[in-house]
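Shown next, in structure tokens, is the structure this report addresses.
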Amino acid sequence: MRKSSVLIFLLFGCLALFGFSTKVSADVTVYRLYNPNSGEHFYTTQLHEKVNCVRSGWHDEGVGWKAPETGMRVFRVYNPNAGDHHYTVNTHEVAHLKSLGWWDEGEAFYSCFVDWPKVNLYRLYNPNAKAGAHHYTPHAYERDQLVRVGWRSEGIRFYAASLK
Numbered sequence: 015m016r017k018s019s020v021l022i023f024l025l026f027g028c029l030a031l032f033g034f035s036t037k038v039s040a041d042v043t044v045y046r047l048y049n050p051n052s053g054e055h056f057y058t059t060q061l062h063e064k065v066n067c068v069r070s071g072w073h074d075e076g077v078g079w080k081a082p083e084t085g086m087r088v089f090r091v092y093n094p095n096a097g098d099h100h101y102t103v104n105t106h107e108v109a110h111l112k113s114l115g116w117w118d119e120g121e122a123f124y125s126c127f128v129d130w131p132k133v134n135l136y137r138l139y140n141p142n143a144k145a146g147a148h149h150y151t152p153h154a155y156e157r158d159q160l161v162r163v164g165w166r167s168e169g170i171r172f173y174a175a176s177l178k
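With positions in the sequence shown counted from 1, the corresponding number in my numbering is that position plus 14.
Here it is as structure tokens:
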């Protein structure tokens, strides 16, 4: 009986000292930009990348979604020949694209794990594009509209923490 009283006292003492939170981590803003010359959308958490793109003529489309602070790593690879980026959680896909000459730019942001509360992020492919062939969106209506005009849905590829 005395041991359990001491354990309960220690538990509440630690909570009083250090506090507790039901939120696992903060959300990270993923900015969405559009290049009207190539048709590519670019996604970044880095404010300096966003600012540099806007200065270079990209359109700032605001917040694409909020990514978790931790979770599954989403990698960004760059095609120096076409000038577009690709995002994936699949390390085999990164390795394959690197073998074709793409540059590995490392982690772009994080995805929620499947069992976390989340927002689906859809990947679409434009078979007619020379650059900007992939598009990522949390919006089913945008996915459906692009499919109607010839894009191919590649399903859910990763997950956002929230939309805004």
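The beta carbon of each residue, even a glycine, is placed where N, CA and C say it ideally should be.
Problem set entry | Boundaries (first-last residue) of the alpha helix (DSSP H) holding N66 | Translated into positions along the sequence shown, residue 66 becomes position 52. Run containing N66: 61 to 69, per the alpha helix (DSSP H) assignment.
Exercise. Just how far apart, CA to CA, sit T151 and S167?
Worked result: Here residue 151 refers to the residue found at position 137 of the sequence shown. Here residue 167 refers to the residue found at position 153 of the sequence shown. If you take the alpha carbons of T151 and S167, they lie about 11 Å apart.
For this session: Spatial neighbours of W114 within its chain, please: CB distance less than 8 Å, with the 5 preceding and 5 following residues excluded, ordered by chain position.
Result: Looking up residue 114 in the sequence shown gives position 100. At residue 114 the sequence reads Leu, which differs from the Trp that was named. Taken in chain order, the list of residues that qualify is empty.
Exercise. Which residues in the same chain have their Cβ closer than 7 Å to the Cβ of T43, if we skip the five residues on either side of it in sequence?
Worked result: As a first step, residue 43 must be located in the sequence shown, where it is residue number 29. Closer than 7 Å at Cβ, skipping near neighbours: T59, V77, K80.
For this session: May I ask you to report which of helix, strand or coil DSSP gives A143?
Result: For this step, residue 143 is matched to residue 129 along the sequence shown. DSSP places A143 in coil when its eight states are reduced to three.
For this session: Let me know if D98 comes out buried or exposed under the rule of 16 or more other beta-carbons within 10 Å of its beta-carbon.
Result: Start at 1 with the first residue of the sequence shown, and residue 98 comes out as number 84. Result: buried.
Problem set entry | Integer Cβ distance of W72 from V91, believed to fall under 8 Å | Here residue 72 is taken as the residue at index 58 of the sequence shown, counted from 1. Here residue 91 is taken as the residue at index 77 of the sequence shown, counted from 1. The pair is not a contact, with the Cβ atoms about 19 Å apart (cut-off 8 Å).
Exercise. Among the residues of its own chain, which have a CB less than 8 Å from the CB of R171, if the five just before and after it don't count?
Worked result: As a first step, residue 171 must be located in the sequence shown, where it is residue number 157. Closer than 8 Å at the Cβ level, and outside the excluded window around R171, lie Y101, T102, V103, L135, Y136, R137, Y150.
Exercise. Just the Cα atoms here: how many angstroms apart are V161 and L177?
Worked result: Locating residue 161 in the sequence shown gives position 147, counting from the first residue. Locating residue 177 in the sequence shown gives position 163, counting from the first residue. Rounded to whole angstroms, V161 to L177 spans 22 Å at the Cα level.
For this session: Compute the distance between the beta-carbons of D41 and E83, then report whether it is under 9 Å.
Result: Here residue 41 corresponds to residue number 27 of the sequence shown, with the count starting at 1. Here residue 83 corresponds to residue number 69 of the sequence shown, with the count starting at 1. Closer than 9 Å, so yes.
Exercise. Just to confirm, are A96 and A147 a CB contact at a threshold of 9 Å?
Worked result: The count along the sequence shown starts at 1 and reaches residue 96 at position 82. The count along the sequence shown starts at 1 and reaches residue 147 at position 133. The answer is yes: Cβ separation under 9 Å.
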